[in-house]
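K.L.:
Can you read through this structure? Questions will come right after.
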Amino acid sequence: MLKKLSSQMILLVLVALFSTQLLIFTIFVFETDENDIVSKNLQGEHFQLKMKAALNIIEHSSEQHLYAMNTYRVEFSVGNKPLYDVTHMSATDKVRSIQLQQQFNDQQPSATMRQFKPIENRLYAAMVYLKDQLSGTLTAELKNDPRNILMQSQIRLSDGKWLGMTVFDLHNFPIWIRSTVKPMAIFTFIFIIFAVFVVKRLTSPLAELADNAHKFGKGHAIAPLEPRGPEDMQNAIVAFNTMHKRLLSVNDHRARALAAISHDIRTPLTSMRLNAEYITDADVQHNILEKIEEMEQICEATVTFALKDSWSEKNKHFDLTSLIESLCCDLNAQELDVSFDAQHKIPFQGRPIALKRAISNLIKNGVDYGHRVNVFIVQSTSTLEIHIEDEGNGIPDSEKERLFEPFERSEQSRNRSSGGMGLGMAIARSVVRSHGGEIELNNRPIKGLDAVIILPL
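With positions in the sequence shown counted from 1, the corresponding number in my numbering is that position plus 26.
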């Protein structure tokens with residue numbers, strides 16, 4: 027099935043074109059069919075009178091004047107032999123011959139007329155001829171002169187020669203078809219090229235809009251599109267540009283607002299820390315300072331999470347395998363038990379620093395809760411999967427989605443205290459989704475969790 031709009035439009039134009047041509051061809055065939063006229067002439071005196079006129083010319087003039095009477099369907103000739111044998115004539119031919127002799131007042135007993143075949147339907151005969159020609163069964167005689175002989179007439183002249191008249195059926199593959207098929211084919215070819223060009227030109231703004239929407243969905247920076255094409259298409263492009271501008275404005279406003287909130291919160295926290303220094307009770311002072319430090323960490327984490335969309339990092343091409351291998355080496359240097367099954371180079375386009383942070387969050391999370399982590403990549407034609415497997419206790423299905431919420435941690439399910447603020451998973455999902463991907467958490471069959479980052483290629 028054709029799924030693209032341009033393909034469907036081109037198909038519609040071609041169907042309309044060929045349907046119109048077929049209709050015109052059919053109407054023309056039947057409107058120009060002369061079978062009824064020829065049939066009446068065969069049954070009437072038309073060809074008998076032509077034979078009488080030809081005899082009159084040959085007796086009172088030269089053969090050159092006789093040949094001037096030739097047409098495409100009627101040919102006259104003078105020869106030493108008769109055109110056909112009169113011994114096997116049908117009753118109808120005998121009656122027709124008597125009628126011809128009566129035109130000469132019974133002065134020409136040798137005058138005969140014979141019909142060889144009935145008139146065929148013009149379209150049917152053309153199709154049969156075309157089939158025989160394509161299949162290679164057409165004889166050389168028919169190739170040279172593929173007309174069928176309908177009727178012949180002959181008269182013996184006084185000098186012993188024979189005057190003959192041959193009436194042909196219409197060309198089995200009519201000349202007008204041969205003369206029009208080639209120009210029609212050329213016109214159709216030119217029209218198809220023109221139609222493809224016009225349709226592509228009309229739908230190219232839509233393809234550009236879809237491509238930019240896809241890039242924007244992956245977190246790529248895009249420039250406003252120039253409105254072009256039909257008015258409806260221009261309206262859609264203008265609406266997309268407006269949406270794009272508003273989204274950027276909202277994200278920027280959110281980042282600025284939270285940065286301001288962070289600054290405002292730090293001021294009273296600093297004041298509280300200074301006042302806490304005057305508390306004489308050491309235990310109370312320690313508890314208050316601990317709470318203040320926790321509030322500062324929450325504030326910093328909140329700002330960091332909110333500013334993730336305002337990163338100035340640009341998309342670039344890089345080797346994903348090298349990035350993960352470098353990250354695992356750095357984590358090993360921090361005495362974290364991380365292994366990576368390196369593969370061939372995998373070219374990818376995105377924000378390498380952001381992706382590195384997302385993968386690092388998942389690996390560290392796996393080490394915190396599952397002791398050791400193994401990382402490997404599975405690549406297909408359209409996607410790649412980064413598997414981060416640990417050896418922990420796994421996560422209940424009911425808690426998997428909750429872990430991606432900001433400030434959520436699965437302390438009870440994994441039996442260790444991480445000490446984090448619960449933003450690692452949320453940031454990782456946000457980064458992956460900004461690249462058009464997704465994160466799945468799957469419990470391994472035996473033990474542990476498999477965090478899978480799915481990215482489109």
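Just so you know, even glycine gets a beta-carbon here, dropped at the ideal spot from N, CA and C.
#1: Skipping 5 residues on each side, what residues in its chain have a beta carbon closer than 8 Å to that of Gly445?
#2: Beta carbon of Ile324, beta carbon of Ala384: below 8 Å?
#3: Could you tell me if the beta carbon of Leu68 falls within a distance shorter than 7 Å of some heavy atom in the ligand MG?
#4: Is it right to say Asp394 is buried, meaning 16 or more other beta carbons lie within 10 angstroms of its own, or is it exposed?
#5: Please work out which residues of its chain come closer than 8 Å, Cβ to Cβ, to Leu388, disregarding the five sequence neighbours upstream and downstream, and give them in chain order.
#6: Determine the direct distance from the alpha carbon of Asp111 to that of Val104, and round the result to whole angstroms.
#7: My output table needs one value for His461: the three-state DSSP class, helix, strand or coil.
#8: What number of angstroms, rounded off, separates the C-alpha of Lys30 from the C-alpha of Pro378?
#9: Using a Cβ-Cβ cutoff of less than 6 Å, which residues in the same chain neighbour Phe430 once the five nearest sequence positions on both sides are dropped?
#10: On the CB-based measure, 16 or more other CB atoms within 10 Å of its CB, does Leu251 come out buried or exposed?
#11: Between the alpha carbons of Pro482 and Glu411, how many angstroms are there, rounded?
#12: Spell out a yes or no on whether the stretch 86-97 and the stretch 228-245 are touching, meaning 3 or more CB-CB pairs, one atom from each, closer than 8 Å.
#13: With a threshold of 8 Å on Cβ separation, who are the neighbours of Ala302 within its own chain once the five nearest residues in sequence on each side are excluded?
#14: Within this structure, are the beta carbons of Phe366 and Ile350 separated by less than 8 Å?
#15: Where does Leu381 land, buried or exposed, given buried means 16+ other C-beta within 10 angstroms?
#16: Taking the Cβ atom as the reference point for each residue, do Asp195 and Leu176 lie within a distance shorter than 8 Å?
#17: Can you check the stretch 355-432 for any alpha helix (DSSP H) of at least 4 residues that lies completely inside it and give the ranges in chain order?
#18: At the level of alpha carbons, what is the spacing between Leu109 and Val64?
#19: Taking only the alpha-carbon atoms, compute the straight-line gap between Val391 and Pro231 and give it to the nearest angstrom.
#20: Measuring alpha carbon to alpha carbon, tell me which of Asn131, Gln129, Asp119 ends up nearest Met139.
#21: Check whether chain B comes within 8 Å of Thr214, counting only Cβ atoms and requiring the distance to be less than that.
#22: Drop a sphere of 10 angstroms on the beta-carbon of Ser179, count the other beta-carbons inside from all chains shown, and report buried for 16 or more, exposed for fewer.
#23: Tell me whether Cys355 is buried or exposed, calling it buried when 16 or more other Cβ atoms sit within 10 Å of its Cβ.
#24: May I ask which residues mark the beginning and end of the alpha helix (DSSP H) holding His343?
#25: Assign Gln141 to buried or exposed, taking buried as 16 or more other Cβ atoms, counted over all protein chains shown, within 10 Å of its Cβ.
#26: Label Ala80 either buried or exposed according to how many other C-beta atoms from any shown protein chain fall within 10 Å of its C-beta, with 16 as the threshold for buried.
#27: Using the three-state DSSP reduction, which class does Asp132 fall into: helix, strand or coil?
#28: Hey, could you find the ends of the beta strand (DSSP E) Ile181 is sitting in?
#29: Measuring only the C-alpha atoms, how far is Val399 from Gly462?
#30: How would you call Met269, buried or exposed, if buried means at least 16 neighbouring beta carbons within 10 angstroms?
#31: Is the beta carbon of Ser352 less than 8 Å from the beta carbon of Thr229?
#32: What is the DSSP secondary structure of Glu101, counted as helix, strand or coil?
P.N.:
So, from the data block:
#1: At Gly445, the pLDDT of 46 sits below 50, so the modelled position is not reliable and the matter cannot be decided from this model.
#2: no
#3: Absence of the ligand MG from the depicted structure is noted, as is the absence of any ligand whatsoever, leaving it without description.
#4: buried
#5: Ile414, Gly450, Met451, Ala454, Ile465, Ala477, Ile479
#6: 16 Å
#7: coil
#8: 33 Å
#9: Met451, Ala452, Arg455
#10: buried
#11: 9 Å
#12: no
#13: Gln311, Ile314, Leu315, Ile318
#14: yes
#15: buried
#16: yes
#17: 378-396, 423-426
#18: 21 Å
#19: The question names Val, but residue 391 in the sequence shown is Asn. Asn391 and Pro231: Cα-Cα distance of roughly 45 Å.
#20: Asp119
#21: Although the question refers to chain B, the structure presented lacks it and comprises just one protein chain.
#22: buried
#23: exposed
#24: It is not in any alpha helix (DSSP H) - His343 instead sits in the beta strand (DSSP E) that spans 342-345.
#25: buried
#26: buried
#27: coil
#28: 175-182
#29: 25 Å
#30: exposed
#31: no
#32: strand
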